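*Asks:* One structure, as C-alpha cells, below. Some questions next.
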Amino acid sequence: MRLEDKVAVITGAAQGIGRAVALGMGREGAKVVVADLQAEKAQSVANELRGRGTGALAVEVDVANEASVKRMAKSAFDRFGRVDILVNVAGIYYPKASVVDLTEEDWDRTIDINVGSNFLCCREFVPAMRAQKSGRILSLASGIGHYGMRQFSHYAASKAAVMGFVKALAREVGPDGITVNAICPGSANTAMPRRHRSEEEVMARLRSTPLPHVLEPEDIAGPILFLASDAAAYITGQSYNINSGSYMF
Amino acid sequence: MNQIALITGGGGGIGGAVARRMAAAGIAVVIADFDGAAAAKIKDEIVESGGKADALAVDVTVPRELKAVVAEVARQFGRIDILANIAGGSAYAKRLEELTWAEWKEVMDANLKGTFLMCREVAPIMQRQKSGRIINTASNYGVTGSALRTPYAAAKAGIITFTKSLALELAPDGVLANTVAPGPTDTPRVMEKESAEARRRRWWPNIPLGRTAVPEDLAEMYYFLTTPESAAMTGQTFHVNGGVVMP
C-alpha cells in the first residue's frame, strides 16, 4: 500500500471524482477526511470506507466559506492529529451563460468555489505540512482552463486560476518538501456535465475522444494516487491532463 | 505472463533506472543501448536480483540495426507491450554559428529520428495487439529552449509534438503514447562533465524542491505510464523536474 498511515483530506468527496479519490486513498492505506457540502452523501462515503476497514471522517464544509473551512481543518486535526495530503476537488460547473449574460453573482460564486477554495483550504493545511517537512497538495483544474469554452468563461477562468495558484504555491512550499500539482480532467462520466447536457449529449461527448475509453472517475483518481505517493516526490508545479487524448498540451 | 518492455538507452542513467523499476514490477525488460557493455551490466544486475532481462547493442539512428532488434524481440517474446525511447542526449554545448551541419544532424538523429524510427517499427506490433504503451523522452529544454543547445532543444520539442501526433494515430487501436520530460538529472553521463558540487551551485537554488533529480525519480513516472492507472492518458507531456519548469 502506497499511502499507509497517511491522512488525506479530500473536498468534494461525496460523489464523482472526489468519491473515487477517497475510496482509492482508503484502499492504499490512508485515513480519509471526506469533506463535502452534501453532509449526508459525505457520511455515506465515510461509512463505505469504514466498512472496508479504513479510518474515515465525514465533515460538512462550504469550501468558499472561511469559517467553514477552518472548522473542517480543526475536525481533521482533532480526529487524526495530522494531515499529509490535501486534494481540492470541490467545484462547480454552472450556470451555462455567455459573458454578456453572466451575472456578477454567478461569476463570483464560480471563482470563489473553484479557486478561492484552494486558497482557503491550502492556507489551513500548509503550516502543519511545513512543520512536518512533507505534504502533497493536489488540485482539480480542467482542460477547459487551457482551451476555454464558450458560455463557461467563469469556469475556464477559475480553472486557469487554479493552475496559476498551484504553480505559485509550489514555489512557495517546495523548500519544505511539499509538492503541489494540478490535474486537468477532460469530460468525465459523472453527475457534473449532466447538469446542463442531456444524457445523449453527455455520452456522445464522452465517446468522441481519440482513445476509445470513456473517462471514469477512477481514471482521474489513479494519477492522483500516484501523485500523492512517495513515487512522485520530484514532481511539483505541474498540470497533468487526463482526458483520453481529447486535448494535448 | 510477464509484460515485455523494450527500453532504448537502457544502459544509461535514466534508462537503467527505468529498466530496474520495470523489472522490479515483474516486467521482462529488453535493454537496448548503443553501448552494449553498459546494457549487459544493467541486465546482469536485474537478473541477479531475480528479474527478467535481456541486453542488446543497437544504434537507434541506423534503421537496419533497429529493425533487426525489434524483429528479434518480437520473435523471442511474441509481443511488445511497452516501448520506452530513452536513447538520446545533448552531445554539444556550442553557439549556433560554431555548429557544423554534421553535428546538428547527429543530435537531431540521436534524439528525434531515433524516436521516430523505433516507434515506426514497434507501433504496428502494438496495433495488432490492440494494446501498448509508448513512452518517449523529451526535456524541459524542449519547452524552454537552452542557449548552446539549439539542436537538442529543437529535437526535444519535436519529440513532444511527434508524440501527440502519434498518440492520435494510435488511439483507435488502444495504444497510448506519452512523453516524459526530465529536468536536470544526476546521471553518470552529466556527472562526468560537471562535479556534484558545481551542479549543486548551479541548479539547487533555482529548483523549488531544492535538488536535482536522481534517475529513480524519473523511473517512477515511466513505470506509472505502463500501469492501468494511466489508461486514460495519451499524447501528454509529463514534466518531472522538481518544479524548475512549470509549463
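Protein sequence lines, in the order shown, are assigned to chains G and Y. Residue numbering for the first sequence follows my numbering, beginning at 1 and increasing consecutively. Residue numbering for the second sequence follows my numbering, beginning at 1 and increasing consecutively. By construction, the Cβ of each residue, glycine as well, lies at the ideal position given by its N, Cα and C atoms. All of these numbers come straight from a predicted model, not from anything done at the bench.
Of the residues that make up the stretch 155–186 of chain Y, which ones have a beta carbon closer than 8 angstroms to any beta carbon in chain G?
*Replies:* The stretch 155–186 of chain Y vs chain G, Cβ under 8 angstroms: Lys164, Ala167, Leu168, Ala171, Pro172, Gly174 and Leu176.
*Asks:* Does the contact criterion of 3 or more C-beta pairs under 8 angstroms hold for the stretch 92–102 of chain Y versus the stretch 137–149 of chain Y?
*Replies:* Because the criterion of three Cβ pairs below 8 angstroms is met, the stretch 92–102 of chain Y and the stretch 137–149 of chain Y touch.
*Asks:* Is Ser239(G) helix, strand or coil by DSSP?
*Replies:* Correct three-state label for Ser239(G): strand.
*Asks:* Given a cut-off of 9 angstroms on the beta-carbon distance, is the pair Ile111(G) and His146(G) in contact?
*Replies:* No, these two residues do not count as a Cβ contact at 9 angstroms.
*Asks:* Determine whether the Cβ of Val58(Y) lies closer than 9 angstroms to any Cβ atom of chain G.
*Replies:* No, because no Cβ of chain G sits closer than 9 angstroms to the Cβ of Val58(Y).
*Asks:* Per DSSP, Ile92(G) is paired with what?
*Replies:* DSSP output for Ile92(G) lists no bridge partner at all.
*Asks:* Locate the beta strand (DSSP E) running through Glu197(Y), then write down its first and last residues.
*Replies:* Note, Glu197(Y): premise wrong, no beta strand (DSSP E); alpha helix (DSSP H) at Ala196 to Trp203.
*Asks:* Only counting the same chain, and skipping five residues up and downstream in sequence, which positions put a Cβ closer than 6 angstroms to that of Ser131(Y)?
*Replies:* Result list for Ser131(Y): Gly174, in chain order.
*Asks:* Chain Y beta carbons: is any one of them nearer than 9 angstroms to that of Ile10(G)?
*Replies:* Ile10(G) does not count as touching chain Y.
*Asks:* Report, in whole angstroms, the separation of the C-beta atoms of Gly243(Y) and Pro208(Y), which I expect to be a contact under 8 angstroms.
*Replies:* Confirmed, about 3 angstroms.
*Asks:* Per DSSP, which one or two residues make a beta bridge with Lys31(G)?
*Replies:* Per DSSP, Val7(G).
*Asks:* Tell me the DSSP bridge mates of Thr185(Y)?
*Replies:* For Thr185(Y), which the question treats as bridged, DSSP gives the partners Ala213(Y).
*Asks:* Gln3(Y) touches chain G at which residues, Cβ-Cβ below 7 angstroms?
*Replies:* Those do not exist, as Gln3(Y) stays about 17 angstroms from chain G at its closest Cβ, beyond 7 angstroms.
*Asks:* Relative to the alpha-carbon of Ala64(G), which residue among Val34(G), Val83(G), Val126(G) and Gly12(G) has its alpha-carbon at the smallest distance?
*Replies:* The shortest Cα separation from Ala64(G) among Val34(G), Val83(G), Val126(G) and Gly12(G) belongs to Gly12(G).
*Asks:* Could you name the residues of chain G that Leu112(Y) contacts, counting a contact when the two beta carbons are closer than 8 angstroms?
*Replies:* In chain order: nothing, as chain G lies at least about 18 angstroms away.
*Asks:* What span of residues does the beta strand (DSSP E) with Ser189(G) cover, start to end?
*Replies:* It should be pointed out that residue 189(G) corresponds to Asn in this sequence rather than to Ser. Looking at the DSSP string, Asn189(G) is not in any beta strand (DSSP E), and its letter there is neither H nor E.
*Asks:* With three or more C-beta pairs closer than 8 angstroms as the rule, is the stretch 231–239 of chain Y touching the stretch 177–194 of chain Y?
*Replies:* The answer is yes - the stretch 231–239 of chain Y touches the stretch 177–194 of chain Y, with three or more Cβ pairs under 8 angstroms.
*Asks:* Please tell me whether Gln238(G) has its Cβ less than 9 angstroms away from any Cβ of chain B.
*Replies:* Among the protein chains in the structure shown, which are G and Y, there is no chain B.
*Asks:* Closer than 7 angstroms between beta carbons: that is the criterion. Which residues of the stretch 220–233 of chain Y meet it against chain G?
*Replies:* Within the stretch 220–233 of chain Y, the residues whose Cβ lies closer than 7 angstroms to some Cβ of chain G are Glu220, Phe224, Glu229, Ser230, Ala231, Ala232 and Met233, listed in chain order.
*Asks:* Which residues of the stretch 184–213 of chain Y have a Cβ closer than 7 angstroms to any Cβ of chain G? Give them in chain order.
*Replies:* Hits within the stretch, in order: Pro208, Leu209, Gly210 and Ala213.
*Asks:* Which runs of the beta strand (DSSP E) fall wholly inside the stretch 31–58 of chain Y and span at least 3 residues, in chain order?
*Replies:* Segments of the beta strand (DSSP E) lying fully in the stretch 31–58 of chain Y: 53–57.
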